[in-house]
Amino acid sequence: MSHELPPTIDPVAAKHWHETAAAQSPWLHEEVASRMQQRLDWIVKPPENWCHWEPVRGGMAAHNLLRERYPQAQCTIYEPVAQRQAVAEEKLTSRWWQLARWKGAGIQVAEPAEACMDMLWANMVLHTAGDPQTLIEQWHKALKVDGYVMFSGLGPDTVQQLHRLYAQLGWGPAGHAFTDMHDWGDMLVHSGFAEPVMDMERITLTFATPERLLQELRELGRNLHPARFAGLRGRAWKADLLRNMAEKWADKQADGQLSLTFEIVYGHAFKPQPKVRLESSSSVSLQDMKAMLKQPRNAGLR
Numbered sequence: 001m002s003h004e005l006p007p008t009i010d011p012v013a014a015k016h017w018h019e020t021a022a023a024q025s026p027w028l029h030e031e032v033a034s035r036m037q038q039r040l041d042w043i044v045k046p047p048e049n050w051c052h053w054e055p056v057r058g059g060m061a062a063h064n065l066l067r068e069r070y071p072q073a074q075c076t077i078y079e080p081v082a083q084r085q086a087v088a089e090e091k092l093t094s095r096w097w098q099l100a101r102w103k104g105a106g107i108q109v110a111e112p113a114e115a116c117m118d119m120l121w122a123n124m125v126l127h128t129a130g131d132p133q134t135l136i137e138q139w140h141k142a143l144k145v146d147g148y149v150m151f152s153g154l155g156p157d158t159v160q161q162l163h164r165l166y167a168q169l170g171w172g173p174a175g176h177a178f179t180d181m182h183d184w185g186d187m188l189v190h191s192g193f194a195e196p197v198m199d200m201e202r203i204t205l206t207f208a209t210p211e212r213l214l215q216e217l218r219e220l221g222r223n224l225h226p227a228r229f230a231g232l233r234g235r236a237w238k239a240d241l242l243r244n245m246a247e248k249w250a251d252k253q254a255d256g257q258l259s260l261t262f263e264i265v266y267g268h269a270f271k272p273q274p275k276v277r278l279e280s281s282s283s284v285s286l287q288d289m290k291a292m293l294k295q296p297r298n299a300g301l302r
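Per UniProt numbering, the very first residue in the sequence shown carries number 1; after that it's consecutive.
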């Protein structure tokens, strides 16, 4: 059995989706970001510098909530795709003639420098990453010691109604498997984070028609399973899918609406002081050495 996480994601398809996804925030992403923003009430010390990781799809409205919460904090927006970077420049930064540019803290669209952020915010990004471990390590690298990451993503019970329908019809996987929150916690620790706190909730949406349900799913993502149907589906297949959704959907309301469940995983973790186990030959990065020199003298090395 493979221990790679997530276990069934096609990295080539994931990269293609990441580069071509629409430059807008789906409704569900905004809702999740709003709920995750409330969890910042647990954080006592506000950040002086924070990074919003891919906000154009992660939550444009939520970005404004965060700016209102931390008006004096410097903000770096990271958008690696050119189309979404342009949208972030246009909609999330202030022009030189606007009063907002001269009030409060600054904002820039750039890649965060190493070990410079007190908080990194990444909403609904991790579950479609082709290499999630590397992505988490990037977050760790951008944070200062004692900085923290706040993130969310989809969990394994997401859209199980669609998976059951595909299995019933013998159509193969309806989508890739999402990673369990405990496995995300293990990946955080493996990347150097400490004290990961994970929790989850389920959000159930209802749709009046199969067509509207499919529209919502297409805004959220694609089937990234390596064993997905390799070719293009035709109009006859789509008509068959819609008919089967109307007739055989597992969770149907009394009024005929179709229910679709999303498992939302939330997590946060801190970047601790670096610790180095001394051996006959040990290497320490410059950033880690600076951080260790700031520790109390009795902290020592292990």
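Just so it is clear, CB atoms sit at the ideal spot from N, CA and C, and this is done for glycine as well.
Since the structure is predicted, the reported quantities are computational estimates derived from the model, not experimental observations.
Spatial neighbours of residue i in its chain, beta-carbon cut-off 8 Å, leaving aside the 5 residues before and after
i, result
"Trp-97", "Confidence in Trp-97 is poor, its pLDDT being 40 and thus under 50, which makes the residue's placement too unreliable to answer from."
"Lys-141", "Glu-114 and Ala-115"
"Pro-173", "Thr-8, His-163, Tyr-166, Asn-223, His-225, Ala-227 and Arg-228"
"Trp-17", "Thr-128, Gly-221, Arg-222 and Leu-224"
"His-182", "Met-198"
Option nearest residue i by Cα separation, candidates the options
i, options, result
"residue 360", "Phe-270, Phe-229 and Tyr-266", "The structure shown does not extend to residue 360, since the chain spans only 1 to 302, so no value can be given for it."
"Glu-111", "His-52, Val-145, Gln-168 and Ser-259", "His-52"
"Phe-207", "His-190, Glu-89 and Gly-256", "Gly-256"
"Ile-107", "Glu-89, His-29, Glu-201 and Trp-121", "Glu-89"
"Ile-264", "Ser-191, Leu-205 and Ala-194", "Leu-205"
"Asp-146", "Met-187, Gly-170, Gly-192 and Ala-21", "Gly-192"
"Pro-26", "Thr-261, Arg-218, Pro-132 and Ala-269", "Arg-218"
"Arg-164", "Ala-73, Ser-34 and Asp-251", "Asp-251"
"Leu-120", "Leu-92, Ala-129 and Val-149", "Val-149"
"Thr-134", "Val-189, Arg-84, His-29 and Leu-162", "Val-189"
"Met-117", "Ala-73, Ser-152 and Ala-129", "Ala-73"
"Lys-271", "Ala-62, Gln-160, Ile-136 and Gly-59", "Ile-136"
"Glu-195", "Leu-169, Lys-248 and His-268", "His-268"
"residue 355", "Gln-37, Ser-259 and Ala-62", "With the chain represented from 1 up to 302, any question about residue 355 goes unanswered, as that position is not in the structure."
Contacting residues, own chain, Cβ-Cβ under 7 Å from residue i (five flanking each side not counted)
i, result
"Tyr-70", "Pro-46, Pro-47 and Trp-50"
"Ala-82", "none"
Simplified DSSP state of residue i, which is helix, strand or coil
i, result
"Glu-263", "strand"
"Asp-255", "coil"
"Lys-130", "Position check: residue 130 holds Gly in this sequence, whereas Lys was assumed. It is coil, neither helix nor strand."
"Thr-93", "coil"
"Gly-58", "helix"
"Val-149", "strand"
"Gln-83", "helix"
"Asp-240", "helix"
"Trp-249", "coil"
"Ala-122", "strand"
"Ala-14", "helix"
"Ala-269", "strand"
"Lys-144", "strand"
"Ile-136", "helix"
"Ile-9", "coil"
Test: residue i CB closer than 7 Å to a CB of chain B
i, result
"Arg-35", "Among the chains in the structure shown there is no chain B, since it carries only a single protein chain."
Residues near residue i by beta carbon distance below 6 Å, same chain, minus five either side
i, result
"Leu-224", "Ile-9, Asp-10, Ala-13, Ala-14 and His-176"
"Met-245", "Pro-210"
"Val-87", "Ala-23 and Val-56"
"Leu-154", "His-127 and Phe-178"
"Thr-93", "Ile-107"
Residue i: CB within 6 Å of a non-hydrogen atom of the ligand HEM
i, result
"Ala-129", "In the structure shown, the ligand HEM is absent, as is every other ligand, since no ligand is present at all."
Per-residue burial, residue i [other beta carbons within 10 Å of its own, 16 or more giving buried]
i, result
"Gln-215", "exposed"
"Thr-179", "buried"
"Gly-221", "buried"
"Gln-253", "exposed"
"Leu-213", "buried"
"Asn-64", "exposed"
"Glu-19", "exposed"
"Val-44", "exposed"
"Trp-237", "exposed"
"Arg-243", "exposed"
Identify every run of the alpha helix (DSSP H) within the region 168-231, keeping only runs that are complete inside it and at least 4 residues long; order them along the chain.
181-190 and 210-220
Which whole runs of the alpha helix (DSSP H) in the region 17-80 are 4 residues long or more, in chain order?
27-38, 55-58 and 60-69
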